[in-house]
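Some notes on the structure that comes next.
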Amino acid sequence: MASKKIITVFGATGAQGGGVARAILQDSNSEFAVRAITRDTNSEKATALAALGAEVVAADIDDKESINRALQGAYGAYCVTFFWAHFSPEKEYAEAKSMAEAAKAAGLQHVIWSTLEDTRQWVPLDDDRMPTLQGKYKVPHFDAKGEADHLFTELGVPTTFLRASFYWDNFIYFGMGPKKGPDGKLYLTLPMGDKKMAGIASEDIGKCAYGIFKRGQELIGKTVGVAGEHLTGQEMAAAFSKALGQEVLYNSVSPETFRSFGFPGADDLGNMFQFYRDFDEVCNSVRDVSLSRALNPELKSFDVWLAENAARIPLE
Ligand SMILES: NC(=O)c1ccc[n+]([C@@H]2O[C@H](COP(=O)([O-])OP(=O)(O)OC[C@H]3O[C@@H](n4cnc5c(N)ncnc54)[C@H](OP(=O)(O)O)[C@@H]3O)[C@@H](O)[C@H]2O)c1
């Protein structure tokens, strides 16, 4: 049998990369092998990937030489940056540049770049509907990712531009789930008005990415958004009520109110939700549920995800 084509997966111990790595490793007939990138090859998560059959390799996306080594001999790569580890769009842009240049130098045949919209194309800096943040961004954790898209294109790296959706896992890990109000009732607080937002089980992002790699040339040069469902705050609250067995009310606040919540990144996320709300058609049309399901037949709906995860959501 011909040797398998190596996919280098950055962030392999995290949500997106972990999903990509497991999707490939769990398919015993896969044409691909996984090179799982981590800064700590001895961690529990790295060891678990090795046990599934991954080649676990140390690299840091802030160290260009280590990226070059990680891509040597590979067919493709899943490239993702980690905004919430440092809150710096400039750093994300520099990391994307290093990955694009290394992908070019290694002659990769297929890169998936996990990007998001550069929201400034729709909300210029002088648009006062939302504040400008960090001097030159509207949604810092989106904008530099989108700005970096051209680096891959201009270098001629065969790239699929993957736009992820809001992870439903944020309800577990990011403190965004329903919370008890002073009246003892549960409230889901989001500044989405009555607009639908694309969401997804984070594990499904990686499964969709595997579907993209399996299609070979077909999706190179294309932007592919992935989503499990598009739901309003009201619809999510109703799904929570059913899954938790207790009523959850949708608390629709303004983006201004959300930005003022004061936790680190509240202003960035307030702007993000406002972008999702005001440009719902732009965001939802690219995050196509049918295509996501075609790429990943196991794609979960919110109800299915909740049935498996509701008990893990902190409600206090
Ligand atoms: N949360 C959402 O709803 C959402 C939606 C769309 C897009 N995103 C974007 O998703 C990105 C994060 O992806 P994720 O959620 O998959 O991340 P994650 O689960 O936080 O995982 C990050 C992993 O990356 C590794 N890592 C961190 N810094 C690194 C570095 N300098 N070099 C190499 N590896 C590094 C860490 O592994 P080791 O410690 O093992 O090295 C960690 O396990 C963010 O940029 C965010 O904007 C998030």
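Start counting the sequence shown at 6; every next residue gets the next number (the numbering used here). Glycine included, every Cβ here is placed at the ideal spot set by N, Cα and C.
The three-state reading of DSSP puts ALA63 in strand, counting E and B together. Our two residues, LEU167 and GLY226, have alpha carbons roughly 11 Å apart in a direct line.
For ASP45, the distance from the CB to the nearest heavy atom of ligand 1 is below 6 Å.
Residue range 10 to 14 is occupied by the beta strand (DSSP E) that includes THR13. With 16 or more other Cβ atoms inside 10 Å of its own Cβ, PHE171 counts as buried. The Cβ neighbour count for GLU234, taken over all protein chains shown within 10 Å, is at least 16; the residue is labelled buried. The residues VAL116, TRP118 and PHE157, in chain order, have a CB closer than 6 Å to that of THR164 in the same chain once the five nearest residues on each side in sequence are set aside.
Taking the Cα of MET241 as reference, the smallest distance to any Cα among TRP310, VAL291 and PHE284 is reached at TRP310. ALA41 sits close to ALA59, with the two beta carbons spaced by under 7 Å.
By the beta-carbon neighbour count (other beta carbons within 10 angstroms, threshold 16), THR52 is exposed.
The alpha carbon of LEU113 has as its nearest neighbour, out of LYS10, ILE318 and PRO269, the alpha carbon of LYS10. DSSP, read as helix, strand or coil, puts SER119 in strand. Nearest to VAL61 by C-alpha distance, out of GLU49, LYS69, GLU70 and ASP67, is GLU49. Proximity of the stretch 290 to 303 to the stretch 207 to 218 meets the contact definition, three or more beta-carbon pairs being nearer than 8 Å. With a beta-carbon spacing of about 5 Å, ARG282 and MET197 fall inside the 8 Å limit used to define contacts. Fully contained in the stretch 139 to 168 are the following alpha helix (DSSP H) runs of length 4 or more, in chain order: 145 to 152 and 154 to 159.
Close CB contacts of THR124 within its chain, under the 7 Å cut and outside five residues either way in sequence, are with LYS143, VAL144, PHE147, ASP148 and PHE280 (chain order).
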